[in-house]
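See structure below.
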Amino acid sequence: MSRFASFHERIYRAFLDRRSLSKLLLVSTVSGGGIVAFSDTTPFRVAYADPAQGQCPKKKVVVLGTGWAATSFLKNLKSSSYEVDVVSPRNYFAFTPLLPSVTNGTVEARSIVEPIRNIVNKKGPHCEYREAECYKIDAEKKKVYCQSTQASNLGGKEEFAIDYDYLIIAVGARANTFNTPGVEENTHFLKEIEDAQKIRRTVIDCFERASLPSLSEEEKKRILHFVVVGGGPTGVEFAAELHDFAIEDLAQLYPQVKNLVKITLLEAGDHILNMFDKRITAFAEQKFQREDINVKTGSMVVKVSEKEISTKERGTGHIVSLPYGMAVWSTGIGTRPFIMEFMKQIGQTNRRAIATDEWLRVDGCDRIYALGDCATINQRRVMEDIAAIFSKADKSKTGKLSIQDAKEVVTDICERYPQVALYLKKKNMRNFVDLLKHADSETQTLQLDIELFKLALSEVDSQMKNLPATAQVAAQQGEYLADCFNRMDECEKNPEGPLRFRESGRHRFHPFRYKHFGQFAPLGGEQTAAELPGDWVSIGRSTQWLWYSVYASKLVSWRTRVLVVSDWGRRFIFGRDSSRI
């Protein structure tokens, strides 16, 4: 009995100490089941850090975009010191390298997308997603202005503003039309999931239209003439995928028109895939020639009408008209309109993309970062800082720089100015000291004044190159920036970057450095070309299997991996689906 009384006494004290427990109701049943209910009329409040109690308030980070750079940043951000708001009109991440495979049904569209909320929700309550489109950035007030993108019957456009402490711009880019007349109205792009789905429907429409008995032979040929503008990786892969679709699947379904199909690839330069090794370019051109894919180099599109594409031939200067049924425009990237307005606001007019420094910070802005296709790194030139570098190395202030002096700063120079390492590699020099010795080859005193130092580094800046606008670059930038944010406080106290040559101390972080892991060019017929580090080129069916394995491993979730691999298996067994859905 005393044990029972003691139990009730403990319960009574618990209710006195924690009065909210009085709102807990336990309902039991004879069968042993039960329900626990809790009632509380206290309104829900978001708990923020209280500076008065010694807690630092969370910094507000706004991320614009859900592409490669933004998603990579979100997946790698581990610190709990930030509140994150993600704003994008697309509530998913799309694995864009597989977009050409979506156009012909090799892979289904939903297999290569991952809902962004699956990623955001794993970050906890301090990470939110807003399905909206940013239309203005106010760098002075630290605000982004957005509007909703949902259907108008849900209440029209909803506009709102979000304050930020840090802004990350990762909105990608749009297709570049070069202001060519008729491109926007009459051609297809291949940048988004919707583009790939639209191309797939149009291809089927062309075959169905050409199968109608009332059309003339000439009209059928026009409708089944597919033109791809742009001989880069996307254009070449799409042309190859379309050829496989037409030969392997559609030829069996539309036997009466299969001999009328024609694919033309237009390239303004001398060769297709000109960013690849010459061996890959030659193999691709020969393969396309064997498969009757008409490759026209030196052809610049000057106008696109509803039924004809006009090109200017570089060799003759003549204007040639090509009748077509469907045209796909894949000629590079352009700047989004609101990014152009932002660039004007911060004094970066007449640029292709937002200029950032080597730490991905937007030039001329505080706490704004830009990465991915919408930005380009404005690498600082060595010759701009040559006097400051010499002064920092010349610790004795004699006006002469010894080899030993140079050795003490060589690591910082090579890290701050990556073009130095590229120049040394090109000239087959072992290290920076060899470069200085080469400049002092006449006197051999191994003592350099400022003029000899300038002479040694005068050609280094010729090795500066912009990074390519690829998914690989964007993903690495997102991962790098997330790592910086994870260690922001730590590196504020203990900077780890190179010396500040114009100021004292060191930079907080190491600058961003892109590591190239190679690139693929699928050429159709289960053959792929690969250019990998170390000047290794591989072409053929074995490389196609390497492509399968690499792309499967790079997908962002196990869900998308399973879906894509099952799509590949379905295609091998049953062929591609030609339904127009």
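Anchor point for the sequence shown: position 488 equals 1637 in the numbering used here, and the numbering is continuous, going up by one each time. Glycine residues also receive a C-beta, built at the ideal position from the N, C-alpha and C atoms.
Buried/exposed call for residue i, threshold 16 Cβ in 10 Å
i: residue 1711; result: exposed
i: residue 1405; result: exposed
i: residue 1416; result: buried
i: residue 1682; result: exposed
i: residue 1650; result: buried
i: residue 1237; result: buried
i: residue 1428; result: exposed
i: residue 1390; result: buried
i: residue 1246; result: buried
i: residue 1625; result: buried
i: residue 1386; result: buried
i: residue 1261; result: buried
i: residue 1647; result: buried
i: residue 1431; result: exposed
i: residue 1349; result: buried
i: residue 1421; result: buried
i: residue 1693; result: buried
i: residue 1193; result: Its pLDDT being 32, under 50, residue 1193 is placed unreliably by the model, and the measurement read from it follows with that caveat. Exposed is the call here.
i: residue 1587; result: exposed
i: residue 1333; result: exposed
i: residue 1467; result: exposed
i: residue 1287; result: exposed
i: residue 1723; result: exposed
i: residue 1666; result: exposed
i: residue 1662; result: exposed
i: residue 1305; result: exposed
Nearest residue (CA-CA) to residue i, options the options
i: residue 1729; options: 1297, 1549, 1556 and 1352; result: 1352
i: residue 1727; options: 1519, 1708, 1357 and 1482; result: 1357
i: residue 1691; options: 1671, 1213 and 1725; result: 1671
i: residue 1521; options: 1380, 1513 and 1504; result: 1504
i: residue 1738; options: 1517, 1494, 1270 and 1326; result: No answer is possible for residue 1738: the residues shown for the chain start at 1150 and end at 1730.
i: residue 1263; options: 1283, 1280 and 1240; result: 1240
i: residue 1418; options: 1310, 1433 and 1379; result: 1379
i: residue 1218; options: 1587, 1523, 1445 and 1491; result: 1523
i: residue 1216; options: 1319, 1715, 1258 and 1540; result: 1319
i: residue 1598; options: 1555, 1684 and 1509; result: 1555
i: residue 1250; options: 1717, 1723 and 1722; result: 1717
i: residue 1222; options: 1715, 1536, 1265 and 1326; result: 1265
i: residue 1330; options: 1577, 1451 and 1545; result: 1451
i: residue 1669; options: 1687, 1663 and 1654; result: 1687
i: residue 1317; options: 1412, 1705 and 1488; result: 1488
i: residue 1411; options: 1698, 1374 and 1478; result: 1374
i: residue 1346; options: 1655, 1407 and 1248; result: 1248
i: residue 1619; options: 1321, 1309 and 1234; result: 1321
i: residue 1312; options: 1306, 1298, 1291 and 1323; result: 1291
i: residue 1621; options: 1570, 1674, 1244 and 1441; result: 1244
i: residue 1214; options: 1279, 1608 and 1230; result: 1279
i: residue 1424; options: 1605, 1678 and 1705; result: 1678
i: residue 1689; options: 1699, 1675, 1701 and 1698; result: 1675
Residue i beta carbon near the ligand PLP (any heavy atom closer than 7 Å)
i: residue 1600; result: For the structure depicted, the ligand PLP is absent and the ligand set is empty, with no information on it obtainable.
Nearest-angstrom Cβ-Cβ length linking residue i and residue j, presumed shorter than 8 Å
i: residue 1461; j: residue 1449; result: 5 Å
i: residue 1644; j: residue 1657; result: 5 Å
i: residue 1232; j: residue 1207; result: 5 Å
i: residue 1564; j: residue 1659; result: 7 Å
i: residue 1478; j: residue 1336; result: 4 Å
i: residue 1296; j: residue 1282; result: 6 Å
> Quick one: complete alpha helix (DSSP H) runs, 4+ long, within the segment 1480–1531?
Replying inline: 1486–1494
> Can you list the beta strand (DSSP E) stretches of 3 or more residues lying completely in the segment 1283–1363, in chain order?
Replying inline: 1292–1297, 1308–1312 and 1315–1318
>> Under 8 Å, with one C-beta from each stretch per pair, do the segment 1326–1344 and the segment 1471–1484 reach the 3-pair mark?
In response: yes
> Between the segment 1625–1639 and the segment 1243–1257, are three or more C-beta pairs nearer than 8 Å?
Replying inline: A contact between stretches requires three or more CB pairs, one per stretch, nearer than 8 Å, and the segment 1625–1639 fails this requirement with the segment 1243–1257.
> Three or more beta-carbon pairs under 8 Å between the segment 1544–1562 and the segment 1608–1625, yes or no?
Replying inline: no
> Counting Cβ pairs, one atom from each stretch, are 3 or more of them under 8 Å apart for the segment 1525–1532 and the segment 1496–1514?
Replying inline: yes
> Is the number of C-beta pairs between the segment 1362–1375 and the segment 1463–1478 that are closer than 8 Å three or more?
Replying inline: yes
>> Runs of 3 residues minimum, wholly inside the segment 1641–1718: which ones carry the beta strand (DSSP E) assignment?
In response: 1668–1671, 1677–1681 and 1685–1689
> Residue ranges of each alpha helix (DSSP H) run of no fewer than 4 residues wholly in the segment 1233–1258, ordered along the chain?
Replying inline: 1248–1252
>> Suppose only complete runs of 4+ residues qualify. What are the alpha helix (DSSP H) ranges in the segment 1418–1464, listed by chain order?
In response: 1427–1439
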